[in-house]
Amino acid sequence: MDYRRALICLIAAAVVFWTGSSRADEIVVGFSGPLSGPAAEYGQDCVNGIDMAVKELNAAGGVTVKGKKYLFRLEKLDDQVDATRSKNNALRFVNQNKAIAVFNPIATTLGSIMTITDHNFIIAAYSSVHMINDKGHPMVINPVPSFANYAQQMANIAWARGWRNAGLVVTLGPYGDAWRQVFKHVWAGKGGRVVADFPANLYTETDYSSQLTAALSKKPDFLLVGGPSATTALLIEQARNMGYKGGLVLIDQAKPDYIAKMLKDMKLLEGMISTVSIGDVTLPAMPTFKQKYVAAYKRDITSECTINYSMMYMIARSVAVSNSLDPKVVRRNIAKVLPFLGDKYPGEYYNIEENGVINQAITMQYVKDGKFSQPDYVLTFPQTRSEFEKIMKLSKITDKSQVRWVPMKF
């Protein structure tokens with residue numbers, strides 16, 4: 014009996030050793046962002062995109078580095094849009110989990126993470142505030158177009174509609190403050206007037222009646238509004254309930270498809286100028302991505318999920334190309350895995366600038382007669398006609414007649 018027990022224990026130990034020795038090691042990436050409070054939906058969309066990419070990468074076998082197989086693991090922590098928490102979360106990911114990258118989607122908290130100078134990790138930023146890239150941090154990547162480009166293009170469209178008096182009710186914080194300042198500069202340059210500027214904290218508040226009352230008393234032709242999509246929807250609903258019938262311009266963080274679904278009445282959005290409803294983007298990979306995402310997470314796709322999904326793939330592809338787990342090497346070789354095109358990914362990312370900005374088109378959409386327009390793609394980063402034509406040859410956009418070239422440099 015003792016012999017049989019010993020033999021069974023020996024076999025069990027051998028099985029454990031065999032399965033343990035064949036198991037792939039892990040590459041950790043971390044996410045710090047708002048996972049509770051008014052901005053929780055925004056943060057969760059970012060997390061879901063990363064999570065979906067990680068699961069797909071692992072199902073395909075992960076990556077091999079110097080002959081050794083690795084799978085990816087996502088760690089996530091709620092920072093409640095608090096700069097100190099975000100910095101501490103990043104330190105925890107790097108020190109305890111040995112993360113090679115930390116994802117973060119808020120300009121305020123990205124700034125605090127960027128003050129960590131003695132750690133070797135990629136900062137995977139999701140922010141249209143490109144001032145974070147201008148700080149010269151060598152480990153940042155950011156595939157989001159500059160909000161300044163959106164401000165200029167949206168101002169052009171608003172001006173063409175005959176709107177002259179702007180009212181601003183935009184979220185507080187570095188991101189919202191930057192949007193307000195740039196838009197005011199652009200609007201004044203066109204000869205327009207900003208008749209009201211009453212910011213609100215759309216990350217922590219849900220009642221905007223005082224700001225709206227003050228803004229609407231100035232009789233604006235349109236309101237520039239925005240922050241996280243959920244609270245922006247509340248703001249718009251409150252404005253309409255107060256009798257406002259004018260135009261709307263949404264800052265780029267606020268997503269029109271999410272807002273439309275939340276409000277359940279397109280009449281509330283009549284005359285709106287915004288970024289694109291991501292499901293309307295005409296890329297071959299988009300329908301399949303949308304189907305998989307909705308099945309997995311039981312919610313609609315957003316720009317947050319598509320861009321963070323693609324950014325996770327960029328990091329994974331760069332690990333493979335680099336044949337290294339050194340974050341500095343992986344960051345340096347991001348350029349080698351681009352472009353990412355729309356036949357394989359739910360977005361197109363063409364190249365990376367020295368400051369870490371990854372170039373893509375800005376995409377806009379408008380509401381007229383209760384319906385969203387066709388997507389309006391604007392390529393702003395090519396500075397010459399030949400550069401634009403080169404991008405167009407690469408692009409997998411189904412209907413290229415929707416693409417405009419408007420060179421800009423902010």
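As numbered in my numbering, residues 14 to 423 make up the sequence shown, in order.
All residues carry an ideal CB built from backbone N, CA and C; glycine is no exception.
Report the CB separation of residue i from residue j in whole angstroms; it is logged as a contact under 8 Å.
i, j, result
"asparagine 321", "glycine 62", "4 Å"
"tyrosine 2", "tyrosine 326", "The requested residue 2 does not occur in the structure, where the chain is confined to residues 14 to 423."
"valine 332", "isoleucine 135", "Actually they do not touch by this definition, with Cβ atoms about 10 Å apart."
"threonine 393", "valine 370", "Not really, about 12 Å apart at Cβ, beyond 8 Å."
"tyrosine 271", "threonine 315", "6 Å"
"lysine 197", "tryptophan 172", "So it is not a contact: roughly 14 Å between Cβ atoms."
"threonine 219", "leucine 185", "With a Cβ gap of about 14 Å, threonine 219 and leucine 185 do not count as contacting."
Helix, strand or coil, according to DSSP, for residue i in the structure here?
i, result
"serine 35", "Caution is warranted here: a pLDDT of 40 is assigned to serine 35, below 50, making its placement in the model unreliable, and the coordinate value is therefore given only provisionally. Three-state result, serine 35: helix."
"threonine 301", "helix"
"arginine 86", "strand"
"isoleucine 136", "strand"
"tryptophan 176", "coil"
"valine 334", "helix"
"serine 230", "coil"
"serine 45", "strand"
"lysine 381", "strand"
"isoleucine 371", "strand"
"threonine 397", "coil"
"threonine 217", "coil"
"leucine 237", "strand"
"lysine 203", "coil"
"valine 195", "helix"
"serine 99", "helix"
"aspartate 265", "coil"
"valine 289", "coil"
When the Cα of residue i is compared with those of the options, which residue comes out closest?
i, options, result
"lysine 280", "Ala298, Pro297, Leu392, Lys258", "Lys258"
"leucine 261", "Val380, Leu392, Met275, Asn214", "Val380"
"tyrosine 310", "Lys89, Val76, Val60", "Val60"
"lysine 384", "Ile404, Ile286, Glu317", "Ile286"
"lysine 148", "Leu123, Gln165, Pro156", "Leu123"
"leucine 282", "Lys268, Thr295, Ile291, Asp293", "Lys268"
"proline 156", "Tyr390, Ile347, Pro388, Met377", "Ile347"
"aspartate 131", "Ala161, His143, Asp356, Met152", "Met152"
"alanine 112", "Lys409, Ser125, Ser45", "Ser45"
"glycine 43", "Pro233, Gln166, Asn102", "Asn102"
"tyrosine 83", "Lys203, Arg330, Ile404", "Arg330"
"isoleucine 291", "Arg105, Pro388, Gln224, Thr217", "Pro388"
Going by DSSP, what residues sit across from residue i in a beta bridge?
i, result
"asparagine 117", "Ala138"
"isoleucine 347", "Bridge partners of isoleucine 347: none, in fact."
"tyrosine 390", "Thr376, Val416"
"aspartate 3", "With the chain covering only 14 through 423, there is no way to say anything about residue 3."
"methionine 91", "A small fix is needed here, since residue 91 is aspartate in this sequence, not methionine. Gly46."
"tyrosine 362", "Phe353"
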